[in-house]
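For the protein sequence lines, the chains are U and D, in the order given. Just so we're aligned: the first sequence equals residues 601 to 876 in the working numbering. Just so we're aligned: the second sequence equals residues 8 to 283 in the working numbering.
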Amino acid sequence: MRWVRRIPGWVVVTLLLVAVVYPLFWLLTGSFKTQNEFLNNPTWALPEDWTNLDNYVEAFTTGNLGIYIKNSILATVPALALTIIFGVAAGFALEVMVWKGRGTVLLLFLAGIMVPGQMILLPLFTIYFQTGLTGTLWPLIITYTAIGLPLTVFMMATFFRAVPREIFEAATLDGASIYRQFWSIGFPMVKNAIFTVALVQFFFIWNDLLIALTFTNRDDLRTIQVGLLNFTGQFGQVQYGPTFAAVCVNVFGTLIIYLFLNQRVMKGMTAGAVKG
Amino acid sequence: MLVYTLVMLVPIFWSLGYTVFEGNPIIGFTFVGWDNILQLFTDPKVGDALLFTLKYAIVLTVGQVLVGYGLSLLYVFWLKKASGVIRTLVFFPVVLPTVAVALLFQALFAIAPQIGPVNSLLNFFGADSIDWFASGATAFWVIVIMDIWRSMGFYAVLLYAGLVDIPEEMFESARLDGASGWKLVRHIVIPLSLPVLFSSIIFSINGTLKVFDSVLALTNGGPGNTTTPLTLYMYQTSFTYGEYGYGSSIALMLTILCLLVTLFIFRSSRRDLTKG
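What follows is the structure, given as structure tokens:
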């Protein structure tokens, strides 16, 4: 009767899966419902017409979802590229090269992880305001890069530590300059690690609200997260369909990325946490 | 390096400077000395926000780590090798954008215009519907439930990684000595996974003290200011009322709070480890 003892366990697992999956499934069904169905049918009812795409059309046309997505991509990609380039270079410099003041710099980066984003928000706002950068996406890109750097540097430093020093020593003997060593040896050896870090940073930046909210003062600059926040307001409280559709686009976009790369995402995120 | 210093380190000190001023960049600054700091201690709203932040951080940290620990125990001892799929599914909410999740939970707990699934479930069991967002107490629990839902997979994977590292021989010898079930967990598993447990607690507290996205998107601090954490209060003071100096003081307070809590836990955990 071994299987009888295993029943409570299965119940727990089933409950768990229902708790995680059902809200998402409910979200998906909601995005196909008409306003009438929302008001009159019970909430767990399935949509009457699975091919009703009106809500999606509405979200993209009236809701400007397309612009929000474009802004998100325009802010995320450059910020991600800058973070990775600077982060990898700094990680290399801190771990492989030997120079004075290395410890202090490492400590400064560590402090950067601890300080909450709110602390630097106001001065940055003033700077951007005075240099006339407000009204573009640049404040977002610069701030994301700065905030993403400490964690990237730390993770990269750990990865470089795993590379045997002898390799770099041999390269020096062979006459490779420090830049050559970075590009031909250091960079290729941690390529996989870079990919993981980039993925983690991507989710951080893509999902950020605080910074996007602070530095986007015009409607056509909003990222997808800020846009979503204002979605209910734009349509009034009653129009549930388009809101559901917009949330769906947002949720299932990240879902697809996650489905393909889930092992890496899990590993990267938790690795970052232990070090942070 | 240069960018990091400019965007991260300079503003930290700049922000410190702001704490002794009043006003904002548009109307100019006047020097007020210690007034902002003193105002912190007399403003009842700061007290409320601080209390909410602490309450939230404690409840959520306990919740996250307990649920995560339970899940990781489930993964290791009950599902064993087959846990991959479930781990992946439960981790999924972690990568979802907070705003999307908050909108989803707003709808899940809604009462008007449509009765959401949660209230439907209550009705089904004979209880009355609850207007979850009408009072601070219930809204607080919605935030907590949402954040646990969002983060349980993360802590589960984090702790799982720690549990897998425990050598199999430990369990075998304990079983030979007659330990089983709860006893095994109590005397072998918990002591051996203490380090990773501590790091997840530190991580959790640091994250929950800085809570911003989920509260803003779910309740916007309301009703009244019953669910306003320090971060949101700081944001409102600075950008809605234009009091940059006072906002900076609140941010400073938050930073100090984070550092103190981390240091405190670090200290106590280290002492425990050397004793045990």
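Cβ atoms here follow ideal geometry from the backbone N, Cα and C, with glycine treated the same way. Since this is a predicted model, take the numbers as computed values, not measurements.
Using only the alpha-carbon positions, how far apart do residue i and residue j sit?
i: Y162 of chain D; j: I824 of chain U; result: 27 Å
i: E695 of chain U; j: M756 of chain U; result: 9 Å
i: R182 of chain D; j: G609 of chain U; result: 21 Å
i: G775 of chain U; j: W738 of chain U; result: 40 Å
i: M260 of chain D; j: V849 of chain U; result: 38 Å
i: D654 of chain U; j: D172 of chain D; result: 51 Å
i: F795 of chain U; j: A693 of chain U; result: 19 Å
i: A681 of chain U; j: M789 of chain U; result: 18 Å
i: P623 of chain U; j: A771 of chain U; result: 55 Å
i: V268 of chain D; j: S631 of chain U; result: 43 Å
i: L204 of chain D; j: S79 of chain D; result: 11 Å
i: G283 of chain D; j: D820 of chain U; result: Because G283 of chain D sits at a pLDDT of 34, beneath the cut-off of 50, its placement in the model cannot be relied upon, and the following sentence gives the value as read from the coordinates. Spanning the two alpha carbons is a distance of roughly 58 Å.
i: F782 of chain U; j: I805 of chain U; result: 27 Å
i: I607 of chain U; j: G91 of chain D; result: 20 Å
i: A675 of chain U; j: L829 of chain U; result: 18 Å
i: W156 of chain D; j: P100 of chain D; result: 7 Å
i: T842 of chain U; j: G666 of chain U; result: Position check: residue 842 of chain U holds Pro in this sequence, whereas Thr was assumed. Cα to Cα, P842 of chain U sits roughly 13 Å from G666 of chain U.
i: T758 of chain U; j: E658 of chain U; result: 47 Å
i: L724 of chain U; j: T634 of chain U; result: 44 Å
i: A619 of chain U; j: E769 of chain U; result: 54 Å
i: F28 of chain D; j: V677 of chain U; result: At F28 of chain D, the pLDDT of 43 sits below 50, so the modelled position is not reliable; the number obtained from the coordinates is stated separately. Rounded to whole angstroms, F28 of chain D to V677 of chain U spans 37 Å at the Cα level.
i: Q787 of chain U; j: V612 of chain U; result: Per the sequence shown, the amino acid found at residue 787 of chain U is Phe instead of Gln. C-alpha separation (whole angstroms): 45 Å.
i: L128 of chain D; j: W626 of chain U; result: 14 Å
i: R765 of chain U; j: P174 of chain D; result: 30 Å
i: T105 of chain D; j: P51 of chain D; result: 29 Å
i: V763 of chain U; j: K791 of chain U; result: 12 Å
i: R780 of chain U; j: R761 of chain U; result: 19 Å
i: P202 of chain D; j: V192 of chain D; result: 15 Å
i: N664 of chain U; j: F84 of chain D; result: 49 Å
i: V621 of chain U; j: F729 of chain U; result: 44 Å
i: A793 of chain U; j: I93 of chain D; result: 25 Å
Within the same chain, show all residues whose beta-carbon is closer than 6 Å to that of residue i, passing over the 5 residues directly before and after it, in chain order.
i: L165 of chain D; result: S207
i: Y656 of chain U; result: A845
i: D125 of chain D; result: Checking the displayed sequence, the identity of residue 125 of chain D turns out to be Val instead of Asp. Contacts found: L115, F116.
i: V753 of chain U; result: G687, A690, G691, F709
i: F660 of chain U; result: G666
Less than 6 Å between the CB of residue i and some heavy atom of the ligand SAM, yes or no?
i: Y744 of chain U; result: Annotation note on the ligand SAM: not contained in the displayed structure, which lists no ligands.
Is it the case that the Cβ atoms of residue i and residue j are separated by a distance below 7 Å?
i: A56 of chain D; j: Y240 of chain D; result: yes
i: A810 of chain U; j: F210 of chain D; result: It is Leu, not Ala, that sits at residue 810 of chain U in the sequence shown. Contact: no.
i: L749 of chain U; j: G687 of chain U; result: yes
i: V826 of chain U; j: T816 of chain U; result: yes
i: K217 of chain D; j: T238 of chain D; result: yes
i: V72 of chain D; j: M159 of chain D; result: no
i: I197 of chain D; j: T68 of chain D; result: no
i: F64 of chain D; j: T215 of chain D; result: The sequence shown places Ala at residue 64 of chain D, not Phe. Taking 7 Å as the Cβ cut-off, A64 of chain D and T215 of chain D qualify as a contacting pair.
i: V102 of chain D; j: Y744 of chain U; result: no
i: A679 of chain U; j: I747 of chain U; result: no
i: Y167 of chain D; j: Y82 of chain D; result: yes
i: T683 of chain U; j: Q801 of chain U; result: yes
If contacts are defined as beta-carbon pairs under 8 Å, then residue i and residue j qualify, I think. What distance do you get, rounded to the angstrom?
i: V797 of chain U; j: A107 of chain D; result: Incorrect: roughly 24 Å between the Cβ atoms, too far for contact.
i: A109 of chain D; j: A224 of chain D; result: 4 Å
i: I778 of chain U; j: I767 of chain U; result: Rounded, the Cβ-Cβ distance is 14 Å, inconsistent with contact.
i: M153 of chain D; j: F112 of chain D; result: 5 Å
i: L96 of chain D; j: L617 of chain U; result: 7 Å
i: L861 of chain U; j: L799 of chain U; result: 6 Å
i: V53 of chain D; j: I257 of chain D; result: 7 Å
Residues in its own chain within less than 8 Å of residue i by CB, not counting five upstream and five downstream?
i: M177 of chain D; result: I195, L199
i: L23 of chain D; result: With a pLDDT of 49 at L23 of chain D, under the threshold of 50, the predicted position of this residue should be treated as unreliable, and no value is reported.
i: T234 of chain D; result: F59, G143, A146, F147, I150, V222, T226, G228
i: K62 of chain D; result: F147
i: T736 of chain U; result: L821
Which same chain residues, not among the five before or five after residue i, have their C-beta less than 7 Å away from its C-beta?
i: S672 of chain U; result: W806, T823, I824
i: L721 of chain U; result: T814
i: L264 of chain D; result: L216
i: L628 of chain U; result: C848
i: L266 of chain D; result: none
i: G70 of chain D; result: V151, I155
i: I727 of chain U; result: none
i: Y668 of chain U; result: R822, T823, I824, G827
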